[in-house]
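Participant: Submitted below is the structure of interest, expressed as structure tokens.
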Amino acid sequence: MALFDIEEDRAPGSDGFSSGFYKAAWPIVGKEVTKAVLDFFGTGRLLKQVNATLLSLIPKVSAPNLVADFRPISCCNVLYKIISKLMVLRIRAILGKLVSPSQNAFVPGRKIGDNILLAQELFSGYNQVRLPPRCALKVDLRKAYDTVEWDFLLATLPLFGFPAVFIGRIEECVTSTHFLFVLMVIHMVTLLGPEDCGKGTPCPLTCLC
Numbered sequence: 001m002a003l004f005d006i007e008e009d010r011a012p013g014s015d016g017f018s019s020g021f022y023k024a025a026w027p028i029v030g031k032e033v034t035k036a037v038l039d040f041f042g043t044g045r046l047l048k049q050v051n052a053t054l055l056s057l058i059p060k061v062s063a064p065n066l067v068a069d070f071r072p073i074s075c076c077n078v079l080y081k082i083i084s085k086l087m088v089l090r091i092r093a094i095l096g097k098l099v100s101p102s103q104n105a106f107v108p109g110r111k112i113g114d115n116i117l118l119a120q121e122l123f124s125g126y127n128q129v130r131l132p133p134r135c136a137l138k139v140d141l142r143k144a145y146d147t148v149e150w151d152f153l154l155a156t157l158p159l160f161g162f163p164a165v166f167i168g169r170i171e172e173c174v175t176s177t178h179f180l181f182v183l184m185v186i187h188m189v190t191l192l193g194p195e196d197c198g199k200g201t202p203c204p205l206t207c208l209c
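If you're matching positions, the sequence shown starts at 1 in full-length UniProt numbering and goes up one per residue.
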């Protein structure tokens, strides 16, 4: 089952329940969880509470000043993870036919190292004088996924032969989400007791906005 494939040490979503909780309490909550998942696939509607995602910004450097200095980490609810995992399992069987053979990263059974070796072979002897003039472009694609519009994705899926019902389920998942930003704020609280006067104690506050 999709739930039991989710690692237990993953951070919980906005409801605070991890996959470990659902696994331990499956005899109690299993029937309701199954009903909720089947309801989504039957109606194509997803409650916004299910698709609420905690977005935590993890600093990449010791003194971050820019947005690029943070790494966003998304913490989804387990119920949403179950739904998305079931959809991924359906696509995985044909994923190799959809993705170009030259794309080796993030595809099961392929290794990104193959492309590194291929690049080394292509560029070996590239600067030899006897060869005709040539050039190479280095393109930074690290933000390509973040700049792809959902409309483009949804317009592409029918061209691959995906049924409208399945595309509708994907659209509901990617368009109904909303984010709650987790801000870790450190306040210095001064204790005014007789023996603690003048001492500062860090007090972490978690704010959701």
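Backbone N, C-alpha and C define an ideal beta-carbon position, used for all residues, glycine too.
For G16 and V37, I'd like the C-alpha separation in whole angstroms.
Facilitator: 19 Å
Participant: Relative to the alpha-carbon of D69, which residue among C76, P59, V78 has its alpha-carbon at the smallest distance?
Facilitator: Distances from the alpha-carbon of D69 to those of C76, P59, V78 put P59 closest.
Participant: Taking P27 as part of the alpha helix (DSSP H), name the residues at either end of that continuous run.
Facilitator: 26-43
Participant: Check whether the Cβ atoms of F152 and T53 lie closer than 7 Å to each other.
Facilitator: no
Participant: Exposed or buried, what is L122 when buried is set at 16 or more other beta-carbons lying within 10 Å of its beta-carbon?
Facilitator: Counting the other CB atoms within 10 Å of its CB gives L122 a total below 16, which places it among the exposed residues.
Participant: Within 10 Å of its beta-carbon, does Y80 have 16 or more other beta-carbons around it, so buried, or fewer, so exposed?
Facilitator: buried
Participant: Using CA coordinates, which residue listed in R10, S74, R169, F181 is at the minimum distance from R90?
Facilitator: For R90, the closest C-alpha among the options R10, S74, R169, F181 is that of R169.
Participant: So, do the stretch 21-33 and the stretch 91-109 have three or more beta carbon pairs nearer to each other than 8 Å?
Facilitator: no
Participant: Quick one: what's S56 bridged to in DSSP?
Facilitator: I73, V182
Participant: Can we say the stretch 154-165 touches the stretch 29-36, given the rule of at least three CB pairs closer than 8 Å?
Facilitator: no
Participant: Assuming C173 is part of the alpha helix (DSSP H), what are its boundary residues?
Facilitator: 164-175
Participant: Rounded to whole angstroms, what is the Cα-Cα separation between T78 and P72?
Facilitator: Before going on, a small fix: residue 78 reads as Val here, not Thr. Each residue's alpha carbon lies about 19 Å from the other.
Participant: Compare the Cα-Cα distances from N51 to each of S62, I82, G42 and report the closest residue.
Facilitator: I82
Participant: Quick check on DSSP: helix, strand or coil for Q120?
Facilitator: helix
Participant: Considering Cα atoms alone, identify which of V174, C75, G109 is closest to A11.
Facilitator: C75
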